[in-house]
Structure formats: structure tokens, C-alpha cells
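Structure first, then comments.
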Amino acid sequence: MKEFAIIKVTSETYPELIQVWEASVRATHDFLNDDDILGYRELILNEYFDQVDLYSIKENNIIAGFLGLAGDTIQMLFIHPGQRGKGIGKKFIEFAITKKQAKKVDVNEQNEQAVGFYKHLGFAISERFAEDAAGKPYPILAMALQ
């Protein structure tokens with residue numbers, strides 16, 4: 453696997469992070485409509501980014517993906533669609549587990565690719581919530597490292 457440097461990011465990086473987030477969501481969250489995406493975009497940019505420790509991986513000086521951690525929980529993991537399949541997500545998970553003691557992740561139940569990814573890396577469903585953090589009817593799976 454290619455070596456990627458994981459770097460802590462600050463609020464100056466938010467504009468680039470939100471572009472990666474939106475590209476990733478549009479490629480993987482086909483259950484969301486445009487109004488949902490725009491609403492979440494504002495929440496993430498103006499609230500959620502400030503609630504997590506953010507880390508990114510760059511390729512050719514452009515952010516390829518980012519990770520958001522809160523305590524021992526992975527709250528965000530988004531990879532630009534053009535960067536998928538390069539091991540970036542796996543590298544972030546290894547970092548989160550070994551360096552930041554992450555043991556849990558919350559994931560949209562309808563994002564089957566993500567659920568499968570986390571299961572493949574040793575996470576199992578521990579709880580299901582009918583609504584997401586914004587109160588929308590998009591079920592969230594709490595997963596824990598086994």
C-alpha cells in the first residue's frame with residue numbers, strides 16, 4: 453500500500469474539506485436528494501466540523517480524503533470519488549484505531565458500501581437509530597470494533 457501522510461487540519465481547510473465531502477456524498481449517498489445535501493452541507497461546514505478532530509490525506513497537494521474523530525468514535529470518513537480504491541480509507545481507519553484509540557463508528561445504514569467497508573475492517577453493528585443526528589429519517593448504525 454502506498455504511504456500516505458495523515459495531517460491534522462484546521463478551519464482554514466474547511467472550504468476544501470466541504471468540496472471533498474460533497475463530491476463523496478454525491479457519489480455514495482444516492483438516498484439523499486439535493487435539498488438534503490445542501491442542508492447537511494451547511495450543518496457540516498458551520499457546526500459539525502468544529503465538533504471533531506479533523507485529519508486529511510493529500511495527494512499532489514490536494515485533499516484526497518478526510519477523517520473526523522470525536523473521542524473514540526469515527527464520525528466522518530470521506531474520500532474524494534476520484535481517489536477511491538487507493539487504500540486511503542483503510543489508512544485512516546488504521547490511524548484512528550492505533551493512534552487515536554477509536555473503537556466505534558456511526559454510519560448511514562443506506563450507505564451499503566460504507567457498512568461493508570467497516571464490517572470488512574472488523575466492525576460489527578451494535579445499535580441502530582431510526583433517525584440521524586439532524587432528526588432526519590436516515591437510519592444510523594452504531595458499529596463497534598470486535
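The opening position of the sequence shown corresponds to residue 453 in the numbering used here, with each subsequent residue numbered one higher.
Ideal placement from N, C-alpha and C gives every residue a C-beta, glycine not left out.
Predicted model only: the values in this text are computed from it and were never measured.
For Tyr492 versus Val461, is the C-beta distance shorter than 8 Å?
Residue 492 sits at position 40 when you count from the first residue of the sequence shown. Residue 461 sits at position 9 when you count from the first residue of the sequence shown. Not a contact, by the Cβ cut-off of 8 Å.
Go ahead and pull the three-state DSSP assignment for Lys542.
Locating residue 542 in the sequence shown gives position 90, counting from the first residue. Here Lys542 sits in helix by DSSP.
Can you find the residues in the same chain that come closer than 7 Å, C-beta to C-beta, to Tyr570, ignoring five residues on each side of it along the sequence?
Looking up residue 570 in the sequence shown gives position 118. The answer, listed in chain order, is Val557, Val559 and Met595.
Please state whether the Cβ-Cβ distance between Gly517 and Ile549 is less than 8 Å.
Locating residue 517 in the sequence shown gives position 65, where the first residue counts as 1. Locating residue 549 in the sequence shown gives position 97, where the first residue counts as 1. Not closer than 8 Å, so no.
Looking only at DSSP bridge pairs, what is Lys460 linked to?
As a working note, residue 460 is residue 8 in the sequence shown. BP columns for Lys460 point to Tyr507.
Measuring CA to CA, which of Asn563, Asp487, Leu495 and Arg536 is closest to Ala585?
Within the sequence shown, the letter at position 133 stands for residue 585. Checking every option, the nearest Cα to that of Ala585 belongs to Leu495.
Could you pull out every unbroken beta strand (DSSP E) segment of at least 3 residues lying fully inside the stretch 471-537, listed in chain order?
505-511, 514-522 and 525-531
Tell me the rounded alpha-carbon separation between Met453 and Phe530.
As a first step, residue 453 is located in the sequence shown; it is residue number 1 there, counting from the start. As a first step, residue 530 is located in the sequence shown; it is residue number 78 there, counting from the start. Low per-residue confidence applies at Met453: pLDDT is 49, beneath 50, and the placement is therefore not dependable, though the value from the model is reported in the following sentence. The straight-line gap separating the alpha-carbon atoms of Met453 and Phe530 is approximately 19 Å.
Please state whether DSSP places Met453 in a helix, a strand or coil.
Numbered from 1 along the sequence shown, position 1 holds the residue referred to as residue 453. Confidence at Met453 is low in this model, with a pLDDT of 49, below 50, so its placement is unreliable and no value can be given for it.
Would a C-beta distance cut-off of 8 Å place Phe456 and Gln562 closer than the cut-off?
Taking the sequence shown and counting its residues from 1, the one referred to as residue 456 is at position 4. Taking the sequence shown and counting its residues from 1, the one referred to as residue 562 is at position 110. Against a cut-off of 8 Å, the Cβ pair of Gln562 and Phe456 comes out as no contact.
Give the single residue among Ile526, Asp502 and Val472 whose Cα lies nearest to the Cα of Gly534.
To locate residue 534, count along the sequence shown from 1; it is residue 82. The residue with the shortest Cα to Cα distance from Gly534 is Val472.
Go ahead and pull the three-state DSSP assignment for Ala566.
Counting from 1 along the sequence shown, the entry for residue 566 is found at position 114. Of the three classes helix, strand and coil, the one that applies to Ala566 here is helix, per DSSP.
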